[in-house]
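First comes the structure, then the notes that go with it.
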Amino acid sequence: MEEQSKRGLRISDLNDYIVQDIISILPIKEAVRTSVLSKKWEHLWKSISKLDLDEEAHENREQFKDFIENILLVFNTSGIRKFSLSFQVGEDVAQVNKWLSRVVNPNIEEVTLDLGKPEQQLFFHEHIFISRTLTKLKLSMHHVIEFPSSIQFRSLKILSMEHVIFPDTSSTQFFFSSSCPSLEELTLANCNWINVIEVIISCPLLQKLVIEEWEDNDEDDENNDPGGCKIVINGTNITSFSYGGNLINDYSLSHSTSSVTDVCIMVYREGDNWETGYFVLKLLTALANTVEKLKISDYAFEGVYLPKDCENYIFPLPCCFGTYLKTIKIYYFYGTEAELNAIKFLLQEASVLETLYVYIDEEHDYDSPTGEDMLEEIYDQIMQYPRASKDCELELE
1 MEEQSKRGLR ISDLNDYIVQ DIISILPIKE AVRTSVLSKK WEHLWKSISK LDLDEEAHEN
61 REQFKDFIEN ILLVFNTSGI RKFSLSFQVG EDVAQVNKWL SRVVNPNIEE VTLDLGKPEQ
121 QLFFHEHIFI SRTLTKLKLS MHHVIEFPSS IQFRSLKILS MEHVIFPDTS STQFFFSSSC
181 PSLEELTLAN CNWINVIEVI ISCPLLQKLV IEEWEDNDED DENNDPGGCK IVINGTNITS
241 FSYGGNLIND YSLSHSTSSV TDVCIMVYRE GDNWETGYFV LKLLTALANT VEKLKISDYA
301 FEGVYLPKDC ENYIFPLPCC FGTYLKTIKI YYFYGTEAEL NAIKFLLQEA SVLETLYVYI
361 DEEHDYDSPT GEDMLEEIYD QIMQYPRASK DCELELE
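What the sequence shown shows, in UniProt numbering, is residues 1 to 397, in sequence order.
Following this line, the structure appears as structure tokens:
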């Protein structure tokens with residue numbers, strides 16, 4: 001011990017568990033190479049708790065498949081707690097099924113699968129769907145997911161599904177209502193509801209919900225989502241809700257969703273502004289009494305138009321205008337009459353507003369002498385508008 005204190009602590013002096021934690025931070029190819037550093041380290045990498053397999057980290061596809069086969073021959077898969085696989089499956093469905101059955105164990109905690117367009121059905125090991133330990137699951141694949149008869153994610157807190165095609169109404173409904181009692185965060189990114197008529201997402205502990213659905217430009221894909229599925233969100237503990245997409249399906253929030261404070265709505269639907277406006281209005285009506293932070297895209301407002309001198313069309317005003325609304329940020333401002341009219345309305349109605357931020361669109365050249373004069377003119381015009389809050393400051397950038 002005295003000799004060790006004189007020469008200082010070396011990495012070789014650390015116990016095996018600490019060394020394995022260090023090795024697990026490395027990419028798997030580098031982790032394997034640590035076996036040549038010393039006799040003591042020769043087999044340590046085989047029992048690390050994290051296994052990351054990424055096709056892009058290898059020169060070619062066949063080399064990657066051989067690498068995985070060699071790894072799994074000697075790796076202690078029962079000790080894996082975090083597993084990640086990124087692979088363009090194609091025709092190698094059977095091989096991927098074999099890898100997953102060998103890697104997924106009853107004690108696994110986090111699984112990330114990015115599986116590009118499998119040509120046949122993938123079968124996930126039952127340990128995933130009835131896991132008592134799994135807390136985080138991320139699944140991305142352009143294929144129908146087959147739910148087993150028994151699903152129980154008892155400890156799952158974070159679930160992300162991308163490009164997943166849901167199989168039918170009944171099994172999808174069971175999955176989103178009875179399978180994830182501990183779920184806190186749910187992300188549905190460009191999922192496909194073509195086989196589902198209606199579903200209620202009801203997870204009692206859900207706090208954060210993110211939905212993205214942008215139209216696929218691949219018109220030849222027979223599985224393109226035609227839209228029309230009715231999706232109701234029901235959650236008494238949801239505090240954050242985000243939607244971004246082209247309104248492919250019909251989303252709505254139930255009256256029990258009364259705890260949402262943070263909302264982001266990014267909508268674009270070319271040539272159908274009134275439908276966009278109705279969608280936004282429907283969501284805001286369900287959220288108006290609780291929201292503290294609201295972000296809406298400009299496209300979402302194209303169907304919500306307030307003619308000049310017609311402020312009384314918005315009556316009664318949401319209660320937040322007079323009690324809670326303290327900060328407003330407007331991006332991509334062009335200086336049009338309609339935009340100025342909207343700012344005028346906000347200033348004269350928001351009685352506790354503290355700061356109004358207006359960010360000029362970058363396409364406008366306001367750095368030139370003429371542009372600076374225009375910017376100053378806009379600033380002066382806004383400053384002359386009557387305002388309900390005498391302490392409100394204007395930041396024009």
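C-beta atoms are modelled at their ideal positions from N, C-alpha and C, and glycine is treated no differently.
Note that this is a predicted model, so its numbers are computed, not measured.
What residues are listed by DSSP as bridge partners for Tyr243?
As a first step, residue 243 must be located in the sequence shown, where it is residue number 243. Looking at the DSSP assignment, Tyr243 forms a beta bridge with Ile211, Ile265.
So, does the stretch 147 to 165 touch the stretch 184 to 196, judging by three or more C-beta pairs under 8 Å?
The stretch 147 to 165 vs the stretch 184 to 196: in contact.
Ser389 beta carbon less than 8 Å from that of Val352
By one-based count along the sequence shown, residue 352 stands at place 352. By one-based count along the sequence shown, residue 389 stands at place 389. Result yes, Cβ atoms of Val352 and Ser389 sit closer than 8 Å.
Determine the DSSP secondary structure at His127, reduced to helix, strand or coil.
On the sequence shown, position 127 is the one that residue 127 refers to. For His127, the secondary structure class from DSSP, reduced to helix, strand or coil, is helix.
List in chain order: all unbroken beta strand (DSSP E) runs of 3+ residues lying wholly within the stretch 144 to 191.
Contiguous beta strand (DSSP E) elements confined to the stretch 144 to 191 occur at 158 to 165, 185 to 189, taking only those with 3 or more residues.
Report the residue from Ser47, Lys82, Leu53, Ser86 whose alpha carbon sits nearest the alpha carbon of Phe75.
Position 75 of the sequence shown holds residue 75. Minimum Cα-Cα distance from Phe75 among the listed residues Ser47, Lys82, Leu53, Ser86 corresponds to Ser47.
Thinking just about the alpha-carbon of each residue, which of Val232, Ser182, Ile80, Ile265 is nearest to the one in Val103?
Numbered from its first residue, the sequence shown carries residue 103 at position 103. Selected option, being the one with the closest Cα: Ile80.
Buried or exposed, going by whether 16 or more other CB atoms sit within 10 Å of the CB of Gln20?
Counting from 1 along the sequence shown, the entry for residue 20 is found at position 20. Counting Cβ neighbours within 10 Å, Gln20 comes out buried, since at least 16 surround it.
Start-to-end residues for the alpha helix (DSSP H) that takes in Ile68
In the sequence shown, counting from the first residue as 1, residue 68 sits at position 68. Membership of Ile68 in the alpha helix (DSSP H) is indicated by the continuous run 61 to 74.
What are the residues that DSSP puts in a beta bridge with Pro118?
Walking along the sequence shown from the start, residue 118 turns up at place 118. DSSP, once it has assigned bridges, lists Gly90 as partnering Pro118.
Ignore the nearest five residues each way along the sequence and tell me which others in Leu134's own chain have a CB closer than 8 Å to its CB.
Start at 1 with the first residue of the sequence shown, and residue 134 comes out as number 134. Excluding residues within five positions, the ones whose Cβ falls inside 8 Å are Ile108, Glu109, Glu110, Val111, Ile128, Phe153, Ser155, Leu156.
Answer yes or no: do Leu139 and Val93 have a C-beta to C-beta separation smaller than 8 Å?
As a working note, residue 139 is residue 139 in the sequence shown. As a working note, residue 93 is residue 93 in the sequence shown. The beta carbons of Leu139 and Val93 sit no closer together than 8 Å.
How long is the line joining the alpha carbons of Trp214 and Leu281, rounded to whole angstroms?
Within the sequence shown, residue 214 is the residue found at index 214, counting from 1. Within the sequence shown, residue 281 is the residue found at index 281, counting from 1. So the alpha carbons of these two residues sit roughly 20 Å apart.
Quick one: what does DSSP say Met1 is sitting in, helix, strand or coil?
Translated into the one-based positions of the sequence shown, residue 1 becomes position 1. Reliability fails at Met1, whose pLDDT of 49 lies under 50, so the model's placement of it is uncertain and no value is given.
Which class does Ser47 belong to by DSSP, given the choice of helix, strand or coil?
Position 47 of the sequence shown holds residue 47. Here Ser47 sits in helix by DSSP.
What separation, rounded to the nearest whole angstrom, lies between the Cα atoms of Met1 and Leu206?
On the sequence shown, position 1 is the one that residue 1 refers to. On the sequence shown, position 206 is the one that residue 206 refers to. Any reading at Met1 must be qualified, since the residue scores a pLDDT of 49, below 50, and its modelled position is unreliable; the value itself is stated next. Between Met1 and Leu206, the C-alpha separation is close to 52 Å.
For Glu109, three-class secondary structure by DSSP
Looking up residue 109 in the sequence shown gives position 109. Glu109 falls in the coil class under three-state DSSP.
Where DSSP assigns a beta bridge to Glu393, which residues make up the other side?
As a working note, residue 393 is residue 393 in the sequence shown. Paired residues: Thr355.
Exposed unless 16 or more other CB atoms sit within 10 angstroms - verdict on Asn234:
Stepping through the sequence shown from its first residue, residue 234 is reached at position 234. Burial call: buried.
For Lys40, count neighbouring C-beta atoms within 10 Å of its own C-beta (all shown protein chains included) and say buried if the count is 16 or more, exposed if not.
As a working note, residue 40 is residue 40 in the sequence shown. Burial call: exposed.
Excluding sequence positions up to five away, which residues of its chain have a Cβ less than 8 Å from the Cβ of Ile378?
Start at 1 with the first residue of the sequence shown, and residue 378 comes out as number 378. Taken in chain order, the residues that qualify are Gly335, Leu340, Leu396.
Contacting residues, own chain, Cβ-Cβ under 6 Å from Asn97 (five flanking each side not counted)
Position 97 of the sequence shown, counted from the start, is the residue given in the question as residue 97. Hits under 6 Å: Phe123.
Which residues mark the beginning and the end of the alpha helix (DSSP H) in which Val32 is found?
The residue given as residue 32 occupies position 32 in the sequence shown. Looking at the DSSP string, the run of the alpha helix (DSSP H) that includes Val32 is 28 to 33.
Lys295 to Leu347 span [Cα, whole Å]
Position 295 of the sequence shown holds residue 295. Position 347 of the sequence shown holds residue 347. So the alpha carbons of these two residues sit roughly 18 Å apart.
Following the continuous alpha helix (DSSP H) through Val19, name the residue where it begins and the one where it ends.
By 1-based counting over the sequence shown, the position of residue 19 is 19. Note, Val19: alpha helix (DSSP H), 16 to 25.
Would Ser84 and Leu37 qualify as a contact pair, given that the criterion is a beta-carbon distance under 8 Å?
What you label residue 84 is simply residue 84 of the sequence shown in a count that begins at 1. What you label residue 37 is simply residue 37 of the sequence shown in a count that begins at 1. No, the Cβ-Cβ distance between Ser84 and Leu37 is not below 8 Å.
Output yes or no for whether 8 Å exceeds the beta carbon distance between Leu283 and Leu247.
As a working mapping, residue 283 is identified with position 283 in the sequence shown. As a working mapping, residue 247 is identified with position 247 in the sequence shown. The Cβ atoms of Leu283 and Leu247 lie no closer than 8 Å to each other.
Just to confirm my understanding: we take Thr261, look at its own chain, exclude 5 residues before and 5 after, and list those with CB closer than 7 Å. What are they?
Along the sequence shown, one-based indexing puts residue 261 at 261. Thr239, Thr290, Val291, Glu292, Lys293, listed in sequence order.
Return the CA-CA distance between Gly228 and Ser258, expressed in angstroms with no decimal places.
Counting from one through the sequence shown, the residue named residue 228 turns up at place 228. Counting from one through the sequence shown, the residue named residue 258 turns up at place 258. Whole-angstrom Cα-Cα distance: 26 Å.
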